[in-house]
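The sequence shown begins at 1 in UniProt numbering and counts up one residue at a time. These notes are about the structure you will find just below.
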Amino acid sequence: MTARIFKPAKNAMQSGRAKTREWQLDYEPEQPRAVEPLMGWTSSGDMKQQLTLRFDTKEEAVAYCERRGIAYQVIEPKDSAHRQIAYADNFAFRRWEPWTH
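Spelled out as structure tokens, the structure:
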């Protein structure tokens, strides 16, 4: 049983940073998923896949794993590149193609 400790990425459908400041602990799957023959649903007998724990800091998540004797892997977050864009840049003379609707 191995756990992953990471900061979740921002959802593509959200504009804010909600739920991206805390650290998340997920377990690696121990059993592969299987297709159920009657309905065609994908299922697994591994119940730890449904468990998600959230912590305020990375150190709290690591301490939890060490207290419980759980092997863990910490995945450091990548810095996002922010590019400042102004509305006036749509009409700038340095644009390669003219602005149209």
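Yeah, the Cβ is synthetic: ideal placement off N, Cα and C, and Gly gets one too.
Going by DSSP in three states, residue i sits in which element: helix, strand or coil?
i          : result
residue 88 : helix
residue 73 : strand
residue 24 : strand
residue 94 : coil
residue 4  : strand
residue 34 : strand
residue 68 : helix
Report back the beta-carbon spacing between residue i and residue j to the nearest angstrom; my notes put them in contact at under 8 Å.
i         : j          : result
residue 1 : residue 48 : 7 Å
Give the single residue among the options whose Cα lies nearest to the Cα of residue i.
i          : options           : result
residue 31 : 38, 40, 24 and 44 : 44
residue 51 : 58, 68 and 26     : 26
residue 76 : 96, 62 and 67     : 62
residue 46 : 34, 79, 92 and 90 : 34
Compute the distance between the beta-carbons of residue i and residue j, then report whether it is under 7 Å.
i          : j          : result
residue 28 : residue 56 : no
residue 8  : residue 20 : yes
residue 73 : residue 4  : yes
residue 24 : residue 54 : yes
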